[in-house]
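2 protein chains.
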Amino acid sequence: MRQVFNQYPCIPPEEQEVVRKLYYKYGRLQRVKKNKILKCGGECNKLFYLKKGLCMYMVNYDQDKPRALAIIPPGRAMGDLTCLSGEIVNVTTVVKRDSEVLIIPPDILTKCMKQDFDVSQAIIKTTIAKQECFLEGMIANFTLDYEDRLRTLFKSLIISFQCPIEDFTKVPLALNNTELGDIINSTRVTVSRILTKWQREGLARKEEKQLYLSQKLFNDLYDWQDYFK
Amino acid sequence: MRQVFNQYPCIPPEEQEVVRKLYYKYGRLQRVKKNKILKCGGECNKLFYLKKGLCMYMVNYDQDKPRALAIIPPGRAMGDLTCLSGEIVNVTTVVKRDSEVLIIPPDILTKCMKQDFDVSQAIIKTTIAKQECFLEGMIANFTLDYEDRLRTLFKSLIISFQCPIEDFTKVPLALNNTELGDIINSTRVTVSRILTKWQREGLARKEEKQLYLSQKLFNDLYDWQDYFK
Numbered sequence: 000m001r002q003v004f005n006q007y008p009c010i011p012p013e014e015q016e017v018v019r020k021l022y023y024k025y026g027r028l029q030r031v032k033k034n035k036i037l038k039c040g041g042e043c044n045k046l047f048y049l050k051k052g053l054c055m056y057m058v059n060y061d062q063d064k065p066r067a068l069a070i071i072p073p074g075r076a077m078g079d080l081t082c083l084s085g086e087i088v089n090v091t092t093v094v095k096r097d098s099e100v101l102i103i104p105p106d107i108l109t110k111c112m113k114q115d116f117d118v119s120q121a122i123i124k125t126t127i128a129k130q131e132c133f134l135e136g137m138i139a140n141f142t143l144d145y146e147d148r149l150r151t152l153f154k155s156l157i158i159s160f161q162c163p164i165e166d167f168t169k170v171p172l173a174l175n176n177t178e179l180g181d182i183i184n185s186t187r188v189t190v191s192r193i194l195t196k197w198q199r200e201g202l203a204r205k206e207e208k209q210l211y212l213s214q215k216l217f218n219d220l221y222d223w224q225d226y227f228k
Numbered sequence: 000m001r002q003v004f005n006q007y008p009c010i011p012p013e014e015q016e017v018v019r020k021l022y023y024k025y026g027r028l029q030r031v032k033k034n035k036i037l038k039c040g041g042e043c044n045k046l047f048y049l050k051k052g053l054c055m056y057m058v059n060y061d062q063d064k065p066r067a068l069a070i071i072p073p074g075r076a077m078g079d080l081t082c083l084s085g086e087i088v089n090v091t092t093v094v095k096r097d098s099e100v101l102i103i104p105p106d107i108l109t110k111c112m113k114q115d116f117d118v119s120q121a122i123i124k125t126t127i128a129k130q131e132c133f134l135e136g137m138i139a140n141f142t143l144d145y146e147d148r149l150r151t152l153f154k155s156l157i158i159s160f161q162c163p164i165e166d167f168t169k170v171p172l173a174l175n176n177t178e179l180g181d182i183i184n185s186t187r188v189t190v191s192r193i194l195t196k197w198q199r200e201g202l203a204r205k206e207e208k209q210l211y212l213s214q215k216l217f218n219d220l221y222d223w224q225d226y227f228k
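Protein chains in written order, with numbering that gives the first Met the number 0: chain A, 0 to 228; chain B, 0 to 228.
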């Protein structure tokens with residue numbers, strides 16, 4: 000699972016209550032179709048909050064090897080880090096499912112931090128956590144084999160969605176094999192091969208298009224914080 | 000140089016003036032010998048500011064493959080991110096040269112952020128920049144060959160120390176080959192082989208133990224932000 004940081008790989012934590020309230024207060028709702036780009040690499044001062052749907056932060060988007068830096072489920076802001084830093088990054092924010100997005104005036108963050116220290120504190124903690132989840136995702140992709148990356152990603156998803164791990168746990172977010180490949184720095188074909196192997200070994204099963212994974216896949220995943228338990 | 004983020008790899012930016020003043024005001028000076036550990040993985044609430052000397056953030060420290068997550072030259076705080084997040088990370092802060100360190104009460108950060116919005120804003124910008132430098136360092140180490148990693152590291156050092164790039168630029172921080180290997184995820188032997196090759200090709204020279212590097216080494220280093228220039 001985790002090798003260096005406190006956050007689990009690839010899925011940033013939800014915004015804290017005090018910040019989410021701001022986004023709801025100042026945001027303007029917009030429905031956005033899948034495959035739309037919310038923010039290109041090099042853009043700044045664009046702030047969104049995902050209410051429903053699914054987005055991803057992509058690098059190398061529109062190039063030969065697109066890679067997902069992070070999965071953004073509902074409850075997270077997007078573009079907040081560049082609004083806060085005032086700098087640009089080479090990350091494309093892509094809508095992966097038909098979504099409901101709040102479009103937020105980008106200067107709200109700084110204004111509200113100024114007025115309310117609780118906002119500042121929430122934002123700094125979430126900022127650190129978000130970047131840790133990118134870092135930990137990279138570490139997973141660069142140190143684990145494909146099968147372990149996929150196990151790690153699924154466990155990270157299950158933990159992020161606060162699902163209890165049962166004998167067979169439903170994966171709380173349906174991602175296709177291309178998306179899974181983009182996240183673990185691999186391909187649709189490799190992901191498909193691993194999932195088929197798991198099904199053959201009785202470690203995974205599909206029911207009504209839902210993927211269920213055996214607890215056995217997760218039991219022996221190394222996590223550095225186990226040492227402190 | 001940079002592939003995704005705004006910061007250059009491996010060397011975090013200096014603290015902003017308003018934050019440095021705090022550290023000087025509340026810090027207690029201590030001399031620390033080389034190879035001492037300031038903060039172990041799993042520790043929290045330890046805050047330092049490096050006045051003189053050199054430190055490094057290490058992962059896998061005391062294990063078979065120690066790796067440097069970042070080089071910390073003077074002018075930077077250490078432990079600040081875990082003080083702000085209240086969480087732990089598996090990073091060891093090691094003193095690499097005899098150093099002068101300010102030891103700072105860890106609650107100062109939050110207290111001063113509460114009193115002064117300029118402190119909050121400086122801290123959030125520096126926090127994002129620091130983590131970007133870790134991210135960009137990882138990307139370099141996982142996508143470039145050893146020679147390009149070393150070129151990238153040296154250019155990042157030269158830019159961090161605000162040295163103008165000349166026909167031959169003195170590397171502004173003397174690191175030995177083992178340290179360079181720890182940073183570029185390689186070995187002392189590989190670093191030595193590359194530096195010898197550069198000297199043979201007239202791209203590097205040593206004068207009184209100082210390393211000078213030719214501009215030719217840096218001219219064609221890809222940087223995603225060149226696109227925006």
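Glycine is no exception: its CB is placed at the ideal position from the N, C-alpha and C atoms.
The way I'd put it, the region 111-123 of chain A does touch the region 114-123 of chain B; three or more beta-carbon pairs between them come closer than 8 angstroms. Residue burial is scored here from C-beta neighbours: Asp144 (chain B) has fewer than 16 other C-beta atoms within 10 angstroms and is therefore classed as exposed. Within the region 73-127 of chain A, the runs of beta strand (DSSP E) at least 3 residues long that lie entirely inside it are, in chain order, 91-103. Per DSSP, the beta bridge partners of Ile70 (chain B) are B:Met55. Put simply, the CB of Glu207 (chain A) is far from chain B, with every gap to its CB atoms at 8 angstroms or more.
Taking a contact as a CB-CB distance under 8 angstroms, the pair Asp97 (chain A) and Lys32 (chain A) counts as one, their CB atoms being some 6 angstroms apart.
Restricting attention to A:Trp223, A:Lys228 and A:Thr168, the CA atom closest to the CA of Lys205 (chain A) is found in A:Thr168. Looking at the DSSP output, Val31 (chain B) bridges to B:Ser98.
Proximity of the region 163-179 of chain B to the region 149-166 of chain A falls short of the contact definition, fewer than three beta-carbon pairs being nearer than 8 angstroms.
With respect to chain B, the C-beta atom of Ser84 (chain A) has a partner C-beta closer than 8 angstroms. Below the 8 angstroms Cβ cutoff, chain A contributes Met112, Lys113 and Ser119 as neighbours of Phe116 (chain B), in chain order. Assignment of Phe133 (chain A) by DSSP, reduced to helix, strand and coil, places it in the helix class. Pro8 (chain B) sits close to Leu152 (chain B), with the two beta carbons spaced by under 8 angstroms.
Around the C-beta of Gly52 (chain A), 16 or more other C-beta atoms lie within 10 Å, and the residue is accordingly described as buried. DSSP links Ala203 (chain A) through a beta bridge to A:Leu212. Ser159 (chain B) and Thr81 (chain A) have their C-alpha atoms spaced approximately 21 angstroms apart. Relative to Leu46 (chain A), the option among A:Asp61, A:Leu21 and A:Asn59 whose CA is nearest is A:Leu21. With respect to the C-alpha of Ala67 (chain A), the residue from A:Asn59, A:Gly74 and A:Trp223 having the closest C-alpha is A:Asn59. Under the three-state reduction of DSSP, Lys38 (chain A) is assigned to strand. The beta carbon of Ile107 (chain A) lies closer than 6 angstroms to those of Tyr25 in the same chain, with the five residues before and after it left out.
Contact check for Val100 (chain B) and Tyr23 (chain B): beta-carbon distance about 12 angstroms, past the 8 angstroms limit, so the pair fails to qualify. Note: Lys169 (chain A) is bridge-paired with A:Tyr211 in the DSSP secondary-structure output. A residue is called buried once 16 or more other Cβ atoms fall within 10 Å of its Cβ, and Tyr56 (chain B) is buried on that count. Between the alpha carbons of Ile87 (chain B) and Gly201 (chain B) lies a distance of about 46 angstroms.
When 8 angstroms is used as the limit between beta carbons, Lys124 (chain A) is near these residues of chain B: Leu83, Ser84 and Gly85, in chain order.
Going by DSSP, Lys154 (chain A) is part of the alpha helix (DSSP H) stretching over Tyr145 to Ser159. Taking a contact as a CB-CB distance under 8 angstroms, the pair Lys38 (chain A) and Gly78 (chain A) counts as one, their CB atoms being some 5 angstroms apart. In the assembly as shown, Arg150 (chain B) is a buried residue. Its beta-carbon has 16 or more other beta-carbons within 10 Å. Within chain A, not a single residue places a beta-carbon under 7 angstroms from that of Gln198 (chain B); the smallest gap is close to 31 angstroms. Interface with chain A (8 angstroms Cβ-Cβ cutoff): Ile10 (chain B) is excluded.
Linking Asn175 (chain A) to Lys64 (chain A) through their CA atoms gives a straight-line distance of about 17 angstroms. DSSP, read as helix, strand or coil, puts Lys50 (chain A) in strand.
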